[in-house]
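All residue numbers for the sequence shown refer to UniProt numbering, where the first residue is 1 and numbers rise by one.
Cβ atoms here follow ideal geometry from the backbone N, Cα and C, with glycine treated the same way.
Presented below is the structure to which this report refers.
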Amino acid sequence: TVAEAFASVQYIMTDVNFGWLIRSIHRWSASMMVLVMILHTFRVYLTGGFKRPRELTWVTGVIMAVCTVSFGVTGYSLPWDQVGYWAVKIVTGVPDAIPVVGPTLVELLRGGVGVGQSTLTRFYSLHTFVLPLATAVFMLMHFLMI
């Protein structure tokens, strides 16, 4: 819950054996994943690996890049501290600039008009179930096309 999210992370960091280590490895691995993804994207682009007949491989790679960034955004919010809360508020507010469908997208992302428990639940579900499943599917497709 919103009331317990930060305390839960604090508990993991201070009271769970090696919890601080696991969380730190998780955080640094996420940063390294983004770095490796950027380097791989540049390599594929510079070598022309996106050209015919590998256009679909490129598309699945771009989708996985979006998943990677989404992992970061959703994971960043889960401790529900000040940084996470305001990051969610800003990120979920961006679609508001899209004409016609923007406000609907914002409400869909937030699970309501404001940022709160529904938002945290949605981001947790995205981070732990939807994004891993989507990433696994697109990785399989990507690897089968190489």
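Please list the terminal residues of the continuous alpha helix (DSSP H) segment that includes alanine 3. Against the sequence shown, residue 3 aligns to sequence position 3. Careful: alanine 3 lies outside any alpha helix (DSSP H) and carries neither H nor E.
How about threonine 104 and arginine 110: are their beta carbons less than 9 Å apart? Residue numbering aside, residue 104 sits at position 104 when the sequence shown is read from its first letter. Residue numbering aside, residue 110 sits at position 110 when the sequence shown is read from its first letter. Cβ distance not < 9 Å, so threonine 104 and arginine 110 don't count as in contact.
So, helix, strand or coil for lysine 89, using DSSP? Counted from its first residue, the sequence shown places residue 89 at position 89. Three-state result, lysine 89: helix.
Could you tell me the distance, in whole angstroms, from the CA atom of proline 53 to the CA atom of glycine 116? Counted from its first residue, the sequence shown places residue 53 at position 53. Counted from its first residue, the sequence shown places residue 116 at position 116. Cα-Cα distance, rounded: 46 Å.
What residue does the alpha helix (DSSP H) around valine 36 start on, and which one ends it? If you number the sequence shown from 1, residue 36 lands on position 36. It spans 19-46 - the alpha helix (DSSP H) in which valine 36 sits, taken as one unbroken run.
Count the C-beta pairs between the stretch 29-42 and the stretch 88-98 that are closer than 8 Å, then say yes if the count reaches three, no if not. No, the stretch 29-42 is not in contact with the stretch 88-98.
Tell me the rounded alpha-carbon separation between histidine 40 and valine 113. Here residue 40 is taken as the residue at index 40 of the sequence shown, counted from 1. Here residue 113 is taken as the residue at index 113 of the sequence shown, counted from 1. Spanning the alpha carbons of histidine 40 and valine 113 requires a straight line of approximately 38 Å.
How long is the line joining the alpha carbons of methionine 145 and valine 34, rounded to whole angstroms? As a working mapping, residue 145 is identified with position 145 in the sequence shown. As a working mapping, residue 34 is identified with position 34 in the sequence shown. Using only the alpha carbons, I get a separation of about 22 Å.
Pick out whichever of Leu126, Ala65, Thr60 and Ser24 has its Cα sitting closest to the Cα of isoleucine 38. Here residue 38 corresponds to residue number 38 of the sequence shown, with the count starting at 1. Cα-wise, what sits closest to isoleucine 38 is Ala65.
Boundaries (first-last residue) of the alpha helix (DSSP H) holding valine 66: Translated into the one-based positions of the sequence shown, residue 66 becomes position 66. Unbroken alpha helix (DSSP H) run through valine 66: 55-77.
Which residue from Val44, Gly84 and Leu46 puts its Cα closest to that of phenylalanine 6? Locating residue 6 in the sequence shown gives position 6, where the first residue counts as 1. Closest option to phenylalanine 6, Cα to Cα, is Gly84.
So what's arginine 122 in DSSP terms, helix, strand or just coil? Here the question's residue 122 lines up with position 122 in the sequence shown. Reduced to three states, the DSSP call for arginine 122 is helix.
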